[in-house]
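Trainee:
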Amino acid sequence: MLNMESFGRRLAYLRHQQNLTQRTIAEHCCVSVQAVSKWERGQSCPDILILDELASVLGVEVKDLFLTDDAG
Numbered sequence: 000m001l002n003m004e005s006f007g008r009r010l011a012y013l014r015h016q017q018n019l020t021q022r023t024i025a026e027h028c029c030v031s032v033q034a035v036s037k038w039e040r041g042q043s044c045p046d047i048l049i050l051d052e053l054a055s056v057l058g059v060e061v062k063d064l065f066l067t068d069d070a071g
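Number 12 in numbering that gives the first Met the number 0 belongs to position 13 of the sequence shown; there are no gaps in the numbering.
1) Tell me the DSSP secondary structure of residue 32 in three-state form.
2) State the DSSP-derived secondary structure class of residue 66, mapped to helix, strand or coil.
3) Apart from the five residues just before and just after residue 32, which ones in its own chain have a Cβ nearer than 7 Å to its Cβ?
4) Take residue 58 and list the residues in its own chain whose beta-carbon comes closer than 7 Å to its own, dropping the five residues that flank it on each side.
5) Just the Cα atoms here: how many angstroms apart are residue 62 and residue 40?
6) If distances are taken between C-alpha atoms only, which option among 65, 60, 64 and 53 comes closest to residue 27?
7) Round the Cβ separation of residue 64 and residue 9 to the nearest angstrom and send it over; I've been treating them as touching at under 8 Å.
The structure is reproduced here in structure tokens:
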């Protein structure tokens, strides 16, 4: 089962590693900045159809979005 808080921390960590803003992620994934913020806070998660683009903009593979090491 997906832990949304862990996913959000991982997403924020990867975004910061790439020096990207939430706006940049939002624009590439065709979602609002508020949606990205909710993902990072663990309040929601991206639609499965967005995962490929999300991973691409972060420079990782989709599986890397779900690593549970406490990086960040």
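Even glycine gets a Cβ: it sits at the ideal position worked out from N, Cα and C.
Mentor: Let me lay it out:
1) Translated into positions along the sequence shown, residue 32 becomes position 33. If DSSP states are grouped into helix, strand and coil, residue 32 belongs with the helices.
2) For the purposes of this step, residue 66 is taken as residue 67 along the sequence shown, with counting starting at 1. Reduced to three states, the DSSP call for residue 66 is coil.
3) Sequence index remark: in the sequence shown, residue 32 carries index 33 (1-based). Closer than 7 Å at the Cβ level, and outside the excluded window around residue 32, lie 21, 22 and 25.
4) If you number the sequence shown from 1, residue 58 lands on position 59. Setting aside the 5 residues that flank it on each side, residue 58 is surrounded in the same chain by 17, each with a C-beta closer than 7 Å to its C-beta; the list follows chain order.
5) Residue numbering aside, residue 62 sits at position 63 when the sequence shown is read from its first letter. Residue numbering aside, residue 40 sits at position 41 when the sequence shown is read from its first letter. If I take the Cα positions, the gap works out to 20 Å.
6) Position 28 of the sequence shown, counted from the first residue, corresponds to residue 27. For the options 65, 60, 64 and 53, the alpha carbon positioned closest to that of residue 27 is the one of 53.
7) By 1-based counting over the sequence shown, the position of residue 64 is 65. By 1-based counting over the sequence shown, the position of residue 9 is 10. Under the criterion of beta carbons closer than 8 Å, residue 64 and residue 9 qualify as touching, at roughly 6 Å.
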